[in-house]
Amino acid sequence: MRDAAPNTVYLSDYTPFGFIVDSVALEFDLDPRHTRVKSRIAFRPNPDATDRRFFLHGENLRLISARIDGHDVTCTLTEEGLTCDVPDAPFIWEAEVEIAPIENTALEGLYMSNGMYCTQCEAEGFRKITYYPDRPDVMSVFTVTINGPHPVLLSNGNPVAATEHQAEWHDPWPKPAYLFALVAGDLVAHSDRFTTMNGREVDLNLYVRPGDEDKCAFGMQALKASMKWDEDVYGREYDLDLFNIVAVDDFNMGAMENKGLNIFNSSAVLASPQTSTDMNFERIEAIIAHEYFHNWTGNRITCRDWFQLCLKEGLTVFRDSQFTSDMRSAPVKRIADVIDLRARQFPEDQGPLSHPVRPESFQEINNFYTATVYEKGAEVIRMLKTLVGDEAYDRALALYFDRHDGQACTIEDWLKVFEDTTGRSLAQFKRWYSQAGTPRLKVSESWEDGILTLTFRQDTKPSAASPDPKPQIIPIATGLIGPDGEEVAETRILEMSEATQSFSFEGLARRPVPSILRGFSAPVMLEHDLSDADRTHLLAHDTDPFNRWESARTLARGSLLPMIHDGAGADPAFLDAIRKVVADDTLDPAYRALMLGLPTQSELAALIHAEGGTPMPEKIHAGVEAMRDAMAETFGDAAQRIRDTHLVSAPYDPGAEQAGQRSLANAMLSLITRRDGGAAAQAQFDSADNMTNQLAALAALLHIDRGSEALAAFEAQWKDDRLVMDKWFGLQVTQARPEEAASVAEALTDHPDFTWQTPNRFRAVFGALAMHHAGFHHASGKGYRLLADWLIRLDPKNPQTTARMCSAFQTWKRYDADRQALIAAELDRILSTPKLSRDTTEMLTRIRG
Ligand code: ARG
Ligand code: ZN
1 MRDAAPNTVY LSDYTPFGFI VDSVALEFDL DPRHTRVKSR IAFRPNPDAT
51 DRRFFLHGEN LRLISARIDG HDVTCTLTEE GLTCDVPDAP FIWEAEVEIA
101 PIENTALEGL YMSNGMYCTQ CEAEGFRKIT YYPDRPDVMS VFTVTINGPH
151 PVLLSNGNPV AATEHQAEWH DPWPKPAYLF ALVAGDLVAH SDRFTTMNGR
201 EVDLNLYVRP GDEDKCAFGM QALKASMKWD EDVYGREYDL DLFNIVAVDD
251 FNMGAMENKG LNIFNSSAVL ASPQTSTDMN FERIEAIIAH EYFHNWTGNR
301 ITCRDWFQLC LKEGLTVFRD SQFTSDMRSA PVKRIADVID LRARQFPEDQ
351 GPLSHPVRPE SFQEINNFYT ATVYEKGAEV IRMLKTLVGD EAYDRALALY
401 FDRHDGQACT IEDWLKVFED TTGRSLAQFK RWYSQAGTPR LKVSESWEDG
451 ILTLTFRQDT KPSAASPDPK PQIIPIATGL IGPDGEEVAE TRILEMSEAT
501 QSFSFEGLAR RPVPSILRGF SAPVMLEHDL SDADRTHLLA HDTDPFNRWE
551 SARTLARGSL LPMIHDGAGA DPAFLDAIRK VVADDTLDPA YRALMLGLPT
601 QSELAALIHA EGGTPMPEKI HAGVEAMRDA MAETFGDAAQ RIRDTHLVSA
651 PYDPGAEQAG QRSLANAMLS LITRRDGGAA AQAQFDSADN MTNQLAALAA
701 LLHIDRGSEA LAAFEAQWKD DRLVMDKWFG LQVTQARPEE AASVAEALTD
751 HPDFTWQTPN RFRAVFGALA MHHAGFHHAS GKGYRLLADW LIRLDPKNPQ
801 TTARMCSAFQ TWKRYDADRQ ALIAAELDRI LSTPKLSRDT TEMLTRIRG
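Taking UniProt numbering, I'd label the letters of the sequence shown as residues 1 to 849.
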């Protein structure tokens with residue numbers, strides 16, 4: 001099926017490039033407005049290709065000269081690149097182009113941030129640097145010379161020569177152009193060393209702006225831990241003498257795995273106890289690991305084309321989640337990942353942007369760096385590991401690295417190593433890659449003669465991407481809890497492959513309560529009609545920590561719905577059950593804090609919509625607030641006692657143990673603040689010596705409208721720290737009352753430090769607004785209008801960040817007719833903006849439907 005958009009690219013159209021690139025030499029003469037890039041590229045005909053047209057990608061380049069084998073050639077130039085006649089034999093291409101990094105506000109290709117030069121080439125940014133076959137299946141060896149007056153001049157690989165104002169780099173590992181990187185600037189290095197399993201000495205550097213030296217130590221620790229973990233768990237050793245990381249303030253995403261020269265959004269690497277929260281530390285550790293792990297899953301083995309993005313991203317997210325589970329608490333990490341999946345991937349998969357983990361077409365690939373490709377992609381690998389077992393998974397991965405090192409691969413290659421390892425066909429399993437949508441899994445129970453039978457039915461809603469969904473393989477981890485709370489059957493993997501299927505447990509003395517989908521063994525929506533009494537039984541006794549938490553979540557949802565719909569009071573049985581687990585000192589504090597969490601308001605809206613109702617954001621907000629108040633009442637003085645027991649007196653440490661204590665103590669603080677007028681929170685704010693406690697106190701105060709003094713003090717203290725100020729901008733919106741959220745955001749855009757072209761700052765305000773469910777969806781439509789105004793403003797400067805933020809509108813069809821009309825008007829207003837980018841046009845056309 002082909003849609004009308006002329007620039008749509010299809011997976012089925014893949015053909016190999018007509019030429020092989022044997023080597024690439026680049027020389028840069030850096031200048032903000034007139035950077036010159038000379039390239040010398042050795043091409044030869046590709047014996048495996050039939051199409052020998054010579055097309056090089058190139059965008060926004062001024063071509064100065066082009067030569068083949070030393071002779072000037074005439075090229076045909078288009079907006080997208082160039083073509084010319086080439087010999088039917090090996091030849092040398094030489095070109096010189098001019099670019100203006102200072103004018104590059106899209107932050108793709110070579111651009112400038114605070115006077116430093118840096119690059120972002122994934123997915124298709126290299127074509128903004130020079131003419132090149134900018135596709136991941138063209139891999140080559142790069143030599144790079146950089147001329148510039150900057151003290152630090154970096155590129156991929158190893159340094160081969162450096163004089164003042166010139167550096168030469170050589171990367172021995174063939175790579176696609178999207179992994180190219182260059183950095184030049186006045187930077188300082190935090191350095192260390194790592195000895196690999198086979199004794200290679202690797203120099204490690206974290207390059208930052210002067211003044212940020214005190215925020216490097218944690219990132220460096222995390223890097224060394226990642227290098228060690230990849231050796232221990234996957235047998236993967238680092239393969240260069242040098243590994244560099246650079247922190248950049250202006251960056252569209254989190255970070256980028258360029259070979260030997262990772263470039264990070266400064267928010268994803270800089271950390272100190274005073275300026276970063278425990279959550280920041282954990283995220284930084286995970287992103288450093290993620291980018292480092294790409295060295296094998298992404299760089300040594302890369303993707304054949306961008307449809308295969310999940311090949312590297314799903315696998316690398318899965319690997320970084322394993323790393324975090326090992327470094328911290330596995331159950332807490334699993335719960336956090338499921339919360340995130342439900343918050344970001346489920347809405348995507350159930351709305352107009354739904355697409356398979358491996359999409360089959362796109363207009364702008366940047367729009368497919370999604371929660372589906374990344375997070376659902378990781379879930380699919382997790383299921384695969386569950387299905388084949390840990391030992392077979394290890395053997396399959398060993399085969400993958402062995403067989404495909406140095407290649408640009410596909411999902412077919414990936415699945416084949418599992419088939420060859422296990423002898424099992426994965427034809428049906430492959431639907432997880434090709435089919436969009438979240439399966440619903442309904443379960444019913446029957447009990448007779450000591451046999452419990454569970455009957456499952458799977459259903460996936462048809463979507464534009466998958467109009468005729470077929471049954472998938474679903475691993476359903478299930479155990480049984482007896483009436484006295486004892487586990488009568490340990491976890492067993494029920495392997496479902498049919499639309500409807502039954503599984504029996506025999507020889508049971510008394511009827512147990514089944515604990516289904518333990519550890520969230522598949523990314524599905526489980527519908528299990530258990531009585532509240534049975535769920536409370538699981539909440540008290542389940543041996544699976546994930547499902548124990550899940551029982552609390554399900555009870556919370558059930559208790560919230562009547563509060564939302566008819567303003568009912570909170571269910572005392574639920575409150576009591578929660579109070580019991582949270583007060584249970586034998587449990588991990590971080591886990592107890594998670595038990596107190598409630599589904600997000602957006603998730604509740606999705607639930608109400610799925611049940612055939614119309615979600616009213618103001619009612620959902622009121623229901624959740626009432627529940628929080630009821631929790632504060634129920635805990636009463638116990639909240640203070642629990643908080644006191646978990647106050648940390650030791651020097652700050654970002655590890656899981658202290659972080660867990662703080663998260664429980666701060667969860668208690670937020671309950672206490674609902675009853676004490678802010679006294680405890682103010683005291684904590686005044687005395688805090690770390691950002692976790694300072695920010696938690698500020699949030700609690702802002703929530704009860706007693707935060708204006710603290711807010712001013714915070715600004716005075718942190719006005720020169722851009723990462724902390726991002727928090728200051730965001731928190732005011734997050735904690736605003738629904739009717740004020742849009743006005744607060746609007747007022748913040750007048751603040752002199754609202755540097756809106758920096759993606760971190762733009763997202764601090766507008767990401768927070770989009771996440772404020774009742775504020776963004778306030779009936780006045782002010783939230784919609786304000787976001788649309790700013791998206792229109794940002795689009796010509798930075799299409800990629802604009803397009804990503806459009807997803808705030810993806811759930812619009814859940815709401816009432818008035819809200820839908822307001823949103824439709826804003827979508828149309830943005831869409832009718834002259835010269836709207838391809839990125840934003842694609843996103844909004846899909847959302848508008
Ligand atoms: N490969 C990077 C990562 O996930 C993300 C880079 C995405 N860049 C982009 N322009 N879409 O680690
Ligand atoms: Zn990645």
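We treat Cβ as the ideally placed atom computed from N, Cα and C, and that holds for glycine.
Quantities reported herein were computed from a predicted structural model and do not represent experimental measurements.
Considering only heavy atoms of the ligand ZN, does any lie closer than 7 Å to the CB of residue i?
i    : result
T316 : yes
H609 : no
E257 : yes
E313 : yes
H778 : no
H294 : yes
H290 : yes
Please state whether DSSP places residue i in a helix, a strand or coil.
i    : result
V202 : strand
S602 : helix
Q274 : coil
Q166 : strand
F368 : helix
T758 : coil
P562 : helix
M1   : Low per-residue confidence applies at M1: pLDDT is 46, beneath 50, and the placement is therefore not dependable, though the value from the model is reported in the following sentence. Coil, per DSSP.
G767 : helix
E490 : strand
E527 : strand
R579 : helix
Q810 : coil
R829 : helix
T645 : helix
What I want to know is whether the C-beta of residue i ends up closer than 7 Å to one or more non-hydrogen atoms of the ligand ARG.
i    : result
Q345 : no
Q350 : no
A123 : yes
H772 : no
Y369 : yes
H34  : no
N252 : yes
N244 : no
N366 : yes
Q800 : yes
Under the DSSP definition of a beta bridge, which residues are partnered with residue i?
i           : result
K128        : DSSP lists no partner for K128.
Q120        : G109
I68         : H71 and W93
K38         : E27 and E96
D171        : F142
F293        : Answer is none; F293 lacks a bridge partner.
T195        : E201
residue 850 : In the structure as shown, the chain begins at 1 and stops at 849. Residue 850 is therefore absent and cannot be evaluated.
H777        : Paired residue(s): none; H777 is not in a bridge.
L256        : Rather than Leu, the amino acid found at residue 256 in this sequence is Met. In the DSSP output, where bridge partners are listed per residue, M256 has I263.
R44         : I20
S246        : The question names Ser, but residue 246 in the sequence shown is Val. Paired residue(s): Y207 and I263.
M496        : I474
G81         : H57
Q658        : Q658 is not bridged to any residue.
Curious, which full-length beta strand (DSSP E) runs of at least 3 residues does the region 401-484 contain?
-> With a minimum length of 3 residues, the continuous beta strand (DSSP E) runs that stay inside the region 401-484 are 440-448, 451-459 and 474-481.
Segment contact flag, the region 794-802 with the region 828-841, C-beta cutoff 8 Å, min 3 pairs | Taking a contact to require three or more Cβ pairs closer than 8 Å, the region 794-802 and the region 828-841 qualify as touching.
Examine the Cβ distances between the region 660-671 and the region 696-713 and report whether three or more of them are shorter than 8 Å.
-> yes
Are at least three pairs of beta-carbons, each pair with one atom in the region 307-325 and one in the region 239-246, less than 8 Å apart?
-> no
Does the region 51-59 come close enough to the region 121-129 that 3 or more CB-CB pairs lie under 8 Å?
-> yes
Taking 8 Å as the threshold, find out whether the region 156-168 comes into contact with the region 401-409 through three or more Cβ pairs.
-> The region 156-168 is not in contact with the region 401-409.
Can you list the alpha helix (DSSP H) stretches of 4 or more residues lying completely in the region 661-749, in chain order?
-> The region 661-749 contains these whole alpha helix (DSSP H) runs: 679-687, 691-703, 708-718, 722-734 and 741-748.
Decide if the region 273-290 is in contact with the region 639-655; the criterion is three or more beta carbon pairs, one per stretch, under 8 Å apart.
-> yes
Report yes or no: do the region 772-788 and the region 736-756 share at least 3 C-beta pairs separated by less than 8 Å?
-> yes
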